[in-house]
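Notes to accompany the following structure.
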Amino acid sequence: MTDFDLHIHGKYSGGVSPKMEIPVIAEKAEKKGLDIVGTGDILNPKWLSHVKEETVQPDGYLERDEIKFLPTTELEDEDRIHHMIIFSDLETVEKAYQDFKEYSDDIRREGRARINVDGEKIVEIANNHGALIGPCHAFTPYTAIYGKKDSLKECYGDQVEKLDFLELGLSADSEMASRISDHEDLVFLSNSDAHSPWPHRLGREFNRAELSEESFEGLKKLFNGESGEIRLNAGLDPREGKYHCSACNSCHQKYSLEEAEKFNWSCQECSGTIKKGVKDRVNELADKKADYPVEYLHLPPLAKIIQYTVSHSSPTTKTVQEKWKAFNDEFGAEIDILVEENIDDLAEIDTEVAESIRKFREDEVVMIPGGGGNYGERILPESGKEASNIRSEKRDEIKCRYDE
Ligand SMILES: [Zn+2]
Ligand SMILES: [Zn+2]
Numbered sequence: 001m002t003d004f005d006l007h008i009h010g011k012y013s014g015g016v017s018p019k020m021e022i023p024v025i026a027e028k029a030e031k032k033g034l035d036i037v038g039t040g041d042i043l044n045p046k047w048l049s050h051v052k053e054e055t056v057q058p059d060g061y062l063e064r065d066e067i068k069f070l071p072t073t074e075l076e077d078e079d080r081i082h083h084m085i086i087f088s089d090l091e092t093v094e095k096a097y098q099d100f101k102e103y104s105d106d107i108r109r110e111g112r113a114r115i116n117v118d119g120e121k122i123v124e125i126a127n128n129h130g131a132l133i134g135p136c137h138a139f140t141p142y143t144a145i146y147g148k149k150d151s152l153k154e155c156y157g158d159q160v161e162k163l164d165f166l167e168l169g170l171s172a173d174s175e176m177a178s179r180i181s182d183h184e185d186l187v188f189l190s191n192s193d194a195h196s197p198w199p200h201r202l203g204r205e206f207n208r209a210e211l212s213e214e215s216f217e218g219l220k221k222l223f224n225g226e227s228g229e230i231r232l233n234a235g236l237d238p239r240e241g242k243y244h245c246s247a248c249n250s251c252h253q254k255y256s257l258e259e260a261e262k263f264n265w266s267c268q269e270c271s272g273t274i275k276k277g278v279k280d281r282v283n284e285l286a287d288k289k290a291d292y293p294v295e296y297l298h299l300p301p302l303a304k305i306i307q308y309t310v311s312h313s314s315p316t317t318k319t320v321q322e323k324w325k326a327f328n329d330e331f332g333a334e335i336d337i338l339v340e341e342n343i344d345d346l347a348e349i350d351t352e353v354a355e356s357i358r359k360f361r362e363d364e365v366v367m368i369p370g371g372g373g374n375y376g377e378r379i380l381p382e383s384g385k386e387a388s389n390i391r392s393e394k395r396d397e398i399k400c401r402y403d404e
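Just so we're aligned, residue 1 is where the sequence shown starts under this note's numbering, counting upward by one.
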């Protein structure tokens, strides 16, 4: 099995930690349990030379301390829609750079360059270089395809057939995305979009797949259905997001899509504006029932689970980090701790944290979804009975409704 995270940013991108350097990323990726990491920002000349200096290239792929890196980048098109490209090797990157450079004013300095053409043209250029491509964080309201367009075709035109994957992003999971029939032939990816190497950032969303080989070719075969199989998408619960439900921007009262339309997007409690949530954006676009054969595990990073368990305000407090280290020292890779280690064994390090991990794995956590700019609220109930009590008490809030 191969665990991978293909979307990160390097230290030269805006708002990114100076610690996002290949040696640090490799060290943290190993602790996380990732086998393959995307380099991110590979069209940026400074980042490209950093990647060249800090990796070895035994068989075309890039390697640093047992971690394989694939050359990847995120690009922004003229409509401010983000796309992700995976290149086969650094030679191809340099050739593609020459093509993209013609349409960009900032490719020399930006990590995520702005290319002044539409999505269709970007796919065409990527394809000319044999690269793999798909939309990034597809449901993000502002810089993503469904924030701007109503279908893949509207963005990619005749190149739509050439798409390889769809990145779900933090605001959606595979259940939501599989309600759109355009997505039927695409592999869904859950990547972190990490801006720092902390274990609650790098790999906070990840993919697990059986690949014919751990390489660009292996991924390519996975995407075109030739060989390999995606086994798991893991990431945050989209209901945690600030704009999951449609809700009032001022008082956060939630509304169903039908209610919001009936009230003309005006709040009945305070006359504020109702902001359309990602859930209802999907409801608008959906043309079928959810069905995606791959499991999606709603699983926060271990440091966050420890933080919730000890009720701290941040995953970087000393207590949280010490407990994280104790688990890491004993069991190694974080992904294995989260996904498969025996709960009784984990309990030998910390009973309460082990119990929290079990609740997340078995979906015993009650989520009160976010909306109108308010984050969702997560409740770890003591028992199944308490969980069902909370669920019936907060029924309307959980279902994002104003009233019947
Ligand atoms: Zn983006
Ligand atoms: Zn209101």
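Every residue, glycine too, gets a C-beta built ideally from N, C-alpha and C.
Query: For a quick check, are the C-beta atoms of C245 and G332 less than 8 Å apart?; Result: no
Query: Could you round the C-beta distance between E205 and G241 to whole angstroms and report it? I think they count as a contact, below 8 Å.; Result: No, E205 and G241 are not in contact; Cβ-Cβ is about 13 Å, not under 8 Å.
Query: Mind checking which residues open and close the beta strand (DSSP E) that includes G147?; Result: Counting along the chain, G147 falls outside any beta strand (DSSP E), though it belongs to the alpha helix (DSSP H) covering I145 to K148.
Query: With DSSP as the reference, please indicate the residues paired to E63 in a beta bridge.; Result: V56 and K68
Query: Near E295, what residues of its chain come up, given a Cβ to Cβ distance below 8 Å and the 5 sequence neighbours on each side ignored?; Result: R231, L232 and N233
Query: Whose C-beta lies closer than 6 Å to the C-beta of K162 among residues of the same chain, with five residues either side of it excluded?; Result: V123 and N127
Query: Assign F206 to one of three DSSP states: helix, strand, or coil.; Result: strand
Query: One question on the structure: do E66 and V56 come within less than 8 Å of each other, judged by their Cβ atoms?; Result: no
Query: Go ahead and pull the three-state DSSP assignment for P45.; Result: helix
Query: What is the DSSP secondary structure of R378, counted as helix, strand or coil?; Result: strand
Query: Kindly identify the DSSP beta-bridge partner or partners of E295.; Result: L232
Query: Considering only heavy atoms of ligand 1 and the C-beta of each residue, which residues fall inside 6 Å, strictly closer?; Result: E74, H82, C136, H137 and T143
Query: Return helix, strand or coil for Y156, following the three-state DSSP convention.; Result: helix
Query: Sorry if obvious, but does the Cβ on C245 come closer than 7 Å to a heavy atom of ligand 2?; Result: no
Query: Residue range of the alpha helix (DSSP H) that M176 falls in?; Result: S174 to A177
Query: Pick out whichever of D106, H137, D105 and G157 has its Cα sitting closest to the Cα of E120.; Result: G157
Query: Please tell me whether L202 and A29 are closer than 8 Å, where the distance is taken between their beta carbons.; Result: yes
Query: Output the boundary residues of the alpha helix (DSSP H) element that contains D3.; Result: No alpha helix (DSSP H) contains D3, which is instead part of the beta strand (DSSP E) from T2 to D5.
Query: Whose beta carbon lies closer than 6 Å to any heavy atom of ligand 2, going through the chain in order?; Result: C248, S250, C251, Q253, C267, E269, C270 and G272
Query: So, E167 versus P199, is the Cβ gap smaller than 8 Å?; Result: no
Query: Among the residues of its own chain, which have a CB less than 6 Å from the CB of K46, if the five just before and after it don't count?; Result: Y12
Query: Where does R114 sit, in a helix, a strand or coil, going by DSSP?; Result: strand
Query: Could you tell me the alpha carbon to alpha carbon distance between S190 and A138, rounded to whole angstroms?; Result: 11 Å
Query: What are the boundary residues of the beta strand (DSSP E) that A247 is part of?; Result: S246 to C248
Query: Quick one: grab the DSSP three-state call for E76.; Result: strand
Query: Between D173 and P238, which are expected to be in contact by the criterion C-beta below 8 Å, what is the C-beta distance as a whole number of angstroms?; Result: 5 Å
Query: Please report the straight-line C-alpha distance between G169 and I42, rounded to a whole angstrom.; Result: 20 Å
Query: Please return the same chain residues whose Cβ sits closer than 8 Å to the Cβ of A260, not counting the five positions on each side in sequence.; Result: S246, I274, K276 and D280
Query: Compare the Cα-Cα distances from F100 to each of N116, I368 and F87 and report the closest residue.; Result: N116
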